[in-house]
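In terms of the working numbering, the sequence shown opens at residue 577 and continues consecutively.
Don't be surprised by glycine CBs; every beta carbon is placed ideally from N, CA and C.
None of the values given here were measured: they were computed from a predicted structure.
Take a look at the structure below.
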Amino acid sequence: MPTSPRFLFAGNWKMNGSGAAGVALADALAARARAAPLRAEVLVCPPAVLLGSVKAVLDETPIGLGAQDCHAEPKGAHTGDISAEMLAEVGCRYVIVGHSERRAGHGERDADVRAKADAAHRAGLAVIVCLGESAGDRERGQTLAVVTRQFDRSLPIRIGADDTVIAYEPVWAVGSGRVPSSAEIEVVHGHLRNRLVERMGSAGEDVRMLYGGSVTPANSHELLRIGNVNGVLVGGASLVAADFWSIVETAP
Ligand code: PGA
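Following this line, the structure appears as structure tokens:
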């Protein structure tokens, strides 16, 4: 692995976009990716039903495909769920697990997130594991305690720099327009880097850590220059091709 990890820009479309809108957005990104060589890794994570059509548009480009969640089992009686194997088959390279909207909206606990991450690895997918404190946690001075617990319990059993990415997303910053100060982000990312190195030795230096939560073209340049920030996970701003690409272009 390179000593300084390649920056990753991941767009999380969440539950947005019709088939036509998703293909149009992917088309617009594909055109930009073809226009000039990419200096960073770029990934889009559309809703599951759009994965196939978006993949077809992105096929001849370096933009990767990711999913937003997976089940921990490879198959079976799990109505409404999708296995990591299915995501791999449709062409995903990554899957997001443990997003705060799933932790809150679907009652996912750290152990569930770890089980999903391990399942993704077994299926050959890389994982983006999300963690982050709530507003209340931060007010109570519990930020580092919460992210440490999430780190210890929701990361996959085996972490590799090529198959595991951590996304620090303070819950209060997601979709709110509020972003922690650069100093606050640096403290959390530095803390997580130390935990990685404790767990993995020097290989922990190569695991990428994204910041996520209200990333925009206006703040990405500064965010990407914070120590131990190796990319961004972008929600709302990834739904507009020009905005997402402006963010990609702020890659250091
Ligand atoms: P946001 O979402 O950029 O809209 O805040 C980020 C995320 O939830 O991954």
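Could you tell me which residues DSSP puts in a beta bridge with residue i?
i: Val-705; result: Val-673 and Ile-742
i: Glu-617; result: Leu-584
i: Ser-659; result: His-647
i: Val-808; result: Phe-585 and Tyr-787
Buried or exposed: where does residue i fall if 16 or more other Cβ atoms within 10 Å of its Cβ makes it buried?
i: Val-816; result: exposed
i: Asp-738; result: exposed
i: Leu-723; result: Checking the displayed sequence, the identity of residue 723 turns out to be Val instead of Leu. Val-723 comes out buried.
i: Asn-770; result: exposed
i: Ile-733; result: exposed
i: Val-715; result: Note that residue 715 is Glu in the sequence shown here, rather than Val. Label assigned to Glu-715: exposed.
i: Asp-645; result: buried
i: Met-785; result: buried
i: Asp-819; result: buried
i: Ala-602; result: buried
i: Gly-593; result: buried
i: His-647; result: buried
i: His-765; result: buried
Give the DSSP-derived three-state secondary structure of residue i in the structure shown.
i: Met-591; result: coil
i: Glu-781; result: helix
i: Gly-640; result: strand
i: Leu-772; result: helix
i: Ile-733; result: coil
i: Ala-632; result: helix
i: Gly-717; result: coil
i: Gly-803; result: coil
i: Ser-710; result: coil
i: His-654; result: coil
i: Gly-681; result: helix
i: Gly-598; result: helix
Do the CB positions of residue i and residue j come within less than 7 Å of each other?
i: Leu-641; j: Gly-674; result: no
i: Ser-758; j: Ile-802; result: yes
i: Gly-595; j: Pro-622; result: no
i: Leu-830; j: Ala-586; result: Limits of the chain in this structure are 577 at one end and 828 at the other, which puts residue 830 out of reach.
i: Ala-696; j: Val-671; result: yes
i: Glu-829; j: Leu-584; result: No information on residue 829 is available, as it lies outside the stretch 577 to 828 that the chain covers here.
i: Tyr-787; j: Val-763; result: no
i: Pro-746; j: Gly-708; result: yes
i: Leu-634; j: Ala-606; result: yes
i: Ala-687; j: Val-703; result: no
i: Leu-800; j: Pro-756; result: no
i: Ser-796; j: Ile-761; result: no
i: Thr-742; j: Val-705; result: Note that residue 742 corresponds to Ile in the displayed sequence, not to Thr. In this structure, Val-705 lies closer than 7 Å to Ile-742 by Cβ.
i: Arg-690; j: Glu-684; result: no
i: Gly-717; j: Ala-749; result: no
i: Leu-731; j: His-767; result: no
i: Leu-663; j: Ala-643; result: yes
i: Ile-639; j: Ala-609; result: yes
i: Ala-660; j: Ala-699; result: yes
i: Asn-588; j: Gly-811; result: yes
i: Ala-680; j: Ile-658; result: no
_Measuring CB atoms only, is the region 618 to 631 touching the region 648 to 655, in the sense that at least three cross pairs come out at less than 8 Å?_
Output reads no: the region 648 to 655 does not touch the region 618 to 631.
_Validate contact between the region 781 to 800 and the region 733 to 749 using beta carbons, cut 8 Å, 3 pairs_ = Here the region 781 to 800 lies against the region 733 to 749, with 3 or more beta-carbon pairs under 8 Å apart.
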